[in-house]
Every structure is written in structure tokens, then in C-alpha cells.
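Following: one structure in C-alpha cells, then a few remarks.
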Amino acid sequence: MSRRSKTKQPKRDTVTFSEKDFLPTTREEMDARGWDYCDIILVSGDAYIDSPFIGVAMVGRMLEKLGYKVGMIGQPDTKSPDDIMRLGEPRLYWGVSGGSVDSMVSNYTATKKFRNSDDYTPGGKNDKRPDRALSVYCNLIRRYFKGTVPLVLGGIEASLRRVSHYDYWQNKMKKPVIFDAKGDILIYGMGEIALEQLTRAIALGEEWRDIRGVCYISKEPVYEYIQLPSHQECIDTPERYIDLFDDFYDNNDPITAKGLCQPVDNRFLIQNPPCDYLNEKEMDANSNLPFTRELHPYYAKDGKVKCLETIKFSIMTHHGCWGECNFCAIGVHQGRTIRTRSETNILSEAKDFNKYKDYKGIISDVGGPTANMYGYECDKKLKKGTCDHMKCVDAERLCKVMHVDHSRNINLLRQIRNVEGVRKAFIASGVRYDFITADKEHGYSYLKEMVEHHISGQLKVAPEHTQQHVLELMGKPGKQTLVDFKKMYDKLNKETGKKQFLTYYLIAAHPGCEEKDMHELKRFTTDELQMNPEQAQVFTPTPSTYSAVMYYTELDPKTRKKIFVEKDTKRKEKQKQIVVKKDSFSSGFAS
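Here the sequence shown is numbered in our numbering, starting from 1 and rising by one per residue.
Below, the structure written as C-alpha cells:
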């Protein structure tokens, strides 16, 4: 296909949306559809943004396709019955989510300062999302609907708090969230298949407690499942919390995982093994659901949501990540096996952007949790599941069985550039630079494609640190890989006549990191990278990460040996300031 002029846009029939194109969020919209009730009402900590990037919107559209009447209530007023009661009571169940981000992470910085802005709230002011949104919304529902239908918890806040977990904001061990929220059922992970099976079982009045991918509370243990340390044991003995987390972490793969049973007071948290992942055909089908990619008009009257600037014309190419950084929970929530969409489906989505009057030919992002994991996986993992107590990549090496191959990704990017109406398609998702250097056959070509066509002035990479003992605790590659990548990147920019820079994400005050380590990091960035870091953040111990386990126990989970953990807020900030302090130097690229 020949390239068109980048200044000429195709003729297109643009679309406009009204309330009828969304799932109903008001009684009037239900009446317009002739509905007396909803089968399911979804409640979320986000405003109703009808996008495939918003989990609760994806759930709603999936259930709609299955034939259910689905209502949506975003950011209900927790001090009044008006919002939560406006659609009435659902026939089957309430689906409750804290939103696209854990509500505590969304509301507070790493130093526990309240965030004034919220990208998922109309107008941007952070005044609609309550702390611990799952529990607040469940209590709100039960306050005004006595003896109501089941409350089904889902989303990242539910998924990452499904067993006993350390809560940084209260600085204590918290019970599984289904206990605190008084929910009936919890769907964890992406949970697409569990959602369909659970909804059907509830609708037919059938038993659902054997459905994979769900958690529930039981008066009796399930003896054939792995018996986790009790909640009280995790409070009493740090090593027992590590034991719990090891079993929790190692049982997330649909092929290998066993069920989990944890005593909590005089009851038990039961976690069934995870549900199967979607295959490529099913991934494509979900991407074809009729999203408007807009904020519902009911919420739009209060202003725009900032997140749409990024996600409206972005393409999610795959789910999952096997990078397994210890401070990141993506592997636990989305899974450690890559599931991809087909090239044909992705290209169709890129072409469909032309229907929108505000589309200017710019695709904000083509990627996923890690952009350059698209299109390949470990054959052994696909057949036998994730390895027991072994990672695909760590601070020392990339597993020899994992053959990194960027060729399919290269071909996809080339095809996207030839889609009618596309002027530029950026890669804004993170990329693993160590995978690029590891791919001796296609890594250089992939980076060349990025440098020539898919970078908007700077490429974001996340080395996070440079001191080896800190990198090992983070699960990140050694600094030599970063040096090798930078040389490759600089060489390609010189060859193509471009001046594009690298932006480095760095973490201060991660477990194991002292002030002297930040001084060494600063020296390395100044002397070796010839730049002043601008993107440094203080470490946040988020639930369901090994780094949070380290923070709470002050132990290395592998060796059970004592490690240094900075817990003083002022000294955490000092670590950050050490590395972001401006220095002057004479040569080299600067970010």
C-alpha cells in the first residue's frame, strides 16, 4: 500500500454519540429502552468512561453482548441515596469496583499526601473517589437495599487485596478485602471467563462456588486446596506473611495453580484456581464491542476527564507481563502469560478511528503493560504454565527458554503506519530495553522502527536504579544492559539525523536502598548517562507485590535475611532529591 500525504486526511463519515449509545446510567435512559429493571448494576470509582481501557466499561459491554440488561453508576455520592438508588435494585447482582486504580493509590502520594487531581473524574478535581472505595460502595448499597442481591467485587482494588495484605496507608496487615467490604463474591485477575460463568450461574440459580477465578467466604475450609497461614499468623510473624505471599504468587497461572484456603478469624477465604485466559479470537471479540470511547454525557456536564487525552485513540495490543518487577502487580492481576490480539483486528481498530471528528491521525499509544512483549511467548509456558519458583527474567539473566522475538511487532507497526488516516502512531507504553538488547536478530531493527517512526521526541525507559543489590531486590536488569541500550539508541538517532532523548524513570527509597545508593545513582546518571534525571518517584508499597512484603517485614523474601528499609517520610524525600538535584555537564544527550 502506498503512503498517502501526511497532511491529507481521508474523507470520513464521522459519528456522534448520545445517551442511547451508552449503557444506561439514569432512570430516563432505562425508560427509553423500555426497561423496568437492570439485571446487573455496575458501580465504579471512575466516572462512566466507555472505553476498552476502562475495566468496568469492558465488563458492561461483555455482559450486554451476552444479553443482560446492564446499568452503570460511576462515582456515586456516598452521603446521599440519590445516586446509588437511581437505577433501582438489580435482578441478579451488583458489580462493585474501586475504579481503574486502587483508590488509596489514586488518592495519596507515596508520602501520603492527598492528591488534588484525578484523571478519571470530570473536571479533574479529586473530590468524587472515596478512600477504600470497594468497602464504601458496598456499605452504601447495603444501607439502602436491605437483604439485596449478591455484591460481586472486581477490578484491581479487589484483585490485589484478595488475601491478607499489608496496607501502607494504615501501616497494618489487612484482612482479605471481601471481609472488610462484606462482599459475597470476588472475581480476581482479568476474570473474563469467570464473569460469564458466574453471571450465568446466578441467573439460572445454579451453584457457582466451583467456578474458577472467584473468591468467597466459607464457614468450612477446603482441605484439597493449599492451606495458607492464617490472617493472625501473618500479623504475629513476618516470616509467615512471606510464606503466604509465596503461595499466593506461585498460584496465579491457569495451567499450574491450585486453589487457596486461608483462615480469617473463625471463617475461611477460599480462592479457586484462576480462570483460563482468553485466546486470540476471544481477545479480538472483546475489542470489537461497541465502545463510544467517550465520557457519558451525564458526567460530561461536569467537565472533561484527563485520561481520555491518552486512551481515546490508543490501542491495547495484548494483556499480561512476564517482566515481574517486584514493585509491580501487573503480573499478579493480568497474568504472566502474554495474550495477543490479531494484526487484522488491531488494524481494523486503527482504521475505525477515522469515524471520530476529533481524530487527527495521531494514535497516542500502540502497546500494553510492556509494549515490546507483543507477539511472542515461551512455548514451554504456553504448554505447562509458569515455572515454579522461577522467573522469566530477573536482575541477572533472561531465561534461555524465552526466545525474545520482535519480528511480529515490527510487522505490526509497519502495517499500522499504512492504515488510511494514520499520520503518526506512538509507542507510549513502557518498553523493556533489556529485551531489545537480548534479541540479537530483531532487536536493533525494532528499535530502529521506533526511532524513525514511533517516538515523540523522547523514549521512556525504566531502569529504576543502578546499584546491583537494589536492582536485585527490585527484580530489574543490571546497569550494563542500560549502557548497551543507550549506545544503540544514540547510534540510531545519529544515523537517522534525529535528536531524540531518553527519559529515565527512577525509584527512591525502595527496600534495600540507602542514601549512599542514591548518591551512586546520581553519579552514574551524571557521569555515564550525561543527564539530569527528572522522573524520580518515592517507592509506594502497593498490595500484592514482593516489594511491599519487603517493606513490611524488612526481610529479603528469598533469603529471609534482614534488609534496610527507609520508613521515615522526610528521609524518603531526601533520597529523591539527591537524584533529581540539577547538575551541569558539558556533553551528551540530556533528557
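Every residue, glycine too, gets a C-beta built ideally from N, C-alpha and C.
Quick check: the Cα distance between residue i and residue j, rounded to an integer number of angstroms?
{"i": "P76", "j": "V96", "result": "11 Å"}
{"i": "K606", "j": "I330", "result": "The shown model of the chain, from 1 to 591, leaves out residue 606, and the question about it has no answer."}
{"i": "E19", "j": "H296", "result": "7 Å"}
{"i": "C261", "j": "Q271", "result": "6 Å"}
{"i": "S342", "j": "K281", "result": "8 Å"}
{"i": "H319", "j": "T337", "result": "8 Å"}
{"i": "P290", "j": "G74", "result": "19 Å"}
{"i": "R143", "j": "L459", "result": "49 Å"}
{"i": "T292", "j": "S51", "result": "7 Å"}
{"i": "A462", "j": "C387", "result": "25 Å"}
{"i": "L482", "j": "R115", "result": "32 Å"}
{"i": "I217", "j": "G183", "result": "9 Å"}
{"i": "I202", "j": "L42", "result": "16 Å"}
{"i": "R240", "j": "K562", "result": "15 Å"}
{"i": "E206", "j": "G335", "result": "28 Å"}
{"i": "K574", "j": "D517", "result": "12 Å"}
{"i": "K509", "j": "V538", "result": "In the sequence as displayed, the identity of residue 509 is Ala instead of Lys. Between A509 and V538, the C-alpha separation is close to 6 Å."}
{"i": "Y446", "j": "D21", "result": "39 Å"}
{"i": "R432", "j": "K576", "result": "23 Å"}
{"i": "M104", "j": "C328", "result": "16 Å"}
{"i": "V214", "j": "L555", "result": "31 Å"}
{"i": "A133", "j": "G98", "result": "5 Å"}
{"i": "L204", "j": "L92", "result": "10 Å"}
{"i": "S544", "j": "K448", "result": "36 Å"}
{"i": "A285", "j": "L151", "result": "27 Å"}
{"i": "S135", "j": "F248", "result": "22 Å"}
{"i": "K112", "j": "W169", "result": "7 Å"}
{"i": "K306", "j": "M450", "result": "26 Å"}
{"i": "T16", "j": "S106", "result": "31 Å"}
{"i": "D250", "j": "L198", "result": "24 Å"}
{"i": "G176", "j": "L269", "result": "Per the sequence shown, the amino acid found at residue 176 is Pro instead of Gly. Going from the Cα of P176 to the Cα of L269 covers about 7 Å."}
{"i": "P557", "j": "L473", "result": "9 Å"}
Please list the terminal residues of the continuous alpha helix (DSSP H) segment that includes residue i.
{"i": "I605", "result": "Because the chain here runs from 1 to 591, residue 605 falls outside it and cannot be looked at."}
{"i": "M373", "result": "Per DSSP, M373 belongs to no alpha helix (DSSP H) and is neither H nor E."}
{"i": "A508", "result": "Not the alpha helix (DSSP H): A508 falls in the beta strand (DSSP E), residues F501 to A508."}
{"i": "A257", "result": "Looking at the DSSP string, A257 is not in any alpha helix (DSSP H), and its letter there is neither H nor E."}
{"i": "Q232", "result": "H231 to D236"}
{"i": "V177", "result": "V177 to A181"}
{"i": "V549", "result": "Y546 to T553"}
{"i": "L593", "result": "Shown here, the chain extends from 1 to 591; a query on residue 593 therefore has no answer."}
{"i": "N286", "result": "E280 to S287"}
{"i": "G361", "result": "Where G361 is concerned, there is no enclosing alpha helix (DSSP H), given that its DSSP letter is neither H nor E."}
{"i": "E28", "result": "R27 to R33"}
{"i": "G593", "result": "With the chain represented from 1 up to 591, any question about residue 593 goes unanswered, as that position is not in the structure."}
{"i": "F524", "result": "E515 to D527"}
So is the beta-carbon of residue i under 6 Å away from any non-hydrogen atom of the ligand GDP?
{"i": "H165", "result": "Ligands displayed in this structure: none; no statement on the ligand GDP is therefore possible."}
DSSP puts residue i in a beta bridge; with which residues?
{"i": "H296", "result": "H296 pairs with nothing; no bridge assigned."}
{"i": "M316", "result": "G367"}
{"i": "S218", "result": "F268"}
{"i": "V43", "result": "I73 and V96"}
{"i": "Q467", "result": "Its beta-bridge partners do not exist; DSSP assigns none."}
{"i": "Y356", "result": "Y356 is not bridged to any residue."}
{"i": "D167", "result": "K172"}
{"i": "R571", "result": "Answer is none; R571 lacks a bridge partner."}
{"i": "I185", "result": "V152"}
{"i": "L459", "result": "L502"}
{"i": "Q262", "result": "L269"}
{"i": "Q227", "result": "C261"}
{"i": "T340", "result": "H318"}
How is the beta strand (DSSP E) around residue i delimited, first residue to last?
{"i": "S135", "result": "Element bounds for S135: not the beta strand (DSSP E) but the alpha helix (DSSP H), A133 to Y144."}
{"i": "M488", "result": "That residue, M488, is in no beta strand (DSSP E); its alpha helix (DSSP H) goes K479 to T496."}
{"i": "V305", "result": "Looking at the DSSP string, V305 is not in any beta strand (DSSP E), and its letter there is neither H nor E."}
{"i": "L204", "result": "Unbroken run through L204 is the alpha helix (DSSP H), E192 to L204; no beta strand (DSSP E)."}
{"i": "L160", "result": "Segment: none, L160 is in no beta strand (DSSP E) and carries neither H nor E."}
{"i": "V393", "result": "Run containing V393: none; DSSP gives neither H nor E here."}
{"i": "Q535", "result": "Q535 to V538"}
Checklist entry - Pairing CB atoms from the region 298–305 with CB atoms from the region 227–243, are three or more of them under 8 Å? => result No, the region 298–305 is not in contact with the region 227–243.
Checklist entry - Per the contact definition of three or more C-beta pairs closer than 8 Å, is the region 393–410 in contact with the region 371–378? => result The region 371–378 is in contact with the region 393–410.
Next on the checklist: So within the region 395–441, which uninterrupted alpha helix (DSSP H) runs reach at least 4 residues, ignoring any that extend past its ends?
Outcome noted: Complete alpha helix (DSSP H) runs here, min 4: 407–417 and 433–438.
Next on the checklist: So, does the region 160–179 touch the region 239–246, judging by three or more C-beta pairs under 8 Å?
Outcome noted: With contact defined as three or more Cβ pairs closer than 8 Å, the region 160–179 and the region 239–246 are in contact.
Item to check | Segment contact flag, the region 114–124 with the region 33–53, C-beta cutoff 8 Å, min 3 pairs | outcome: A contact exists between the region 114–124 and the region 33–53.
Checklist entry - For the region 66–154, which segments carrying the beta strand (DSSP E) assignment without a break, of at least 3 residues, lie completely within its bounds, in sequence order? => result Listed in chain order, they are 70–74, 93–97 and 151–154.
Checklist entry - Touching or not, the region 360–372 and the region 405–419, by the rule of three or more beta carbon pairs under 8 Å? => result The region 360–372, when compared against the region 405–419, does touch it at the 8 Å Cβ threshold.
Next on the checklist: Assess contact between the region 467–477 and the region 506–513, defined as three or more Cβ pairs (one per stretch) separated by less than 8 Å. Is contact present?
Outcome noted: Cβ pair count under 8 Å is three or more, so yes.
Next on the checklist: Does the structure place the region 347–365 close enough to the region 567–576 that three or more beta carbon pairs sit under 8 Å?
Outcome noted: Contact between the region 567–576 and the region 347–365 is absent, because fewer than three Cβ pairs lie under 8 Å.
Item to check | the region 223–233 in contact with the region 180–195 per 3-pair CB rule at 8 Å | outcome: Under the three-pair Cβ rule at 8 Å, the region 223–233 does not count as touching the region 180–195.
Item to check | Segment contact flag, the region 22–31 with the region 79–88, C-beta cutoff 8 Å, min 3 pairs | outcome: With the cut-off at 8 Å, the region 22–31 and the region 79–88 touch.
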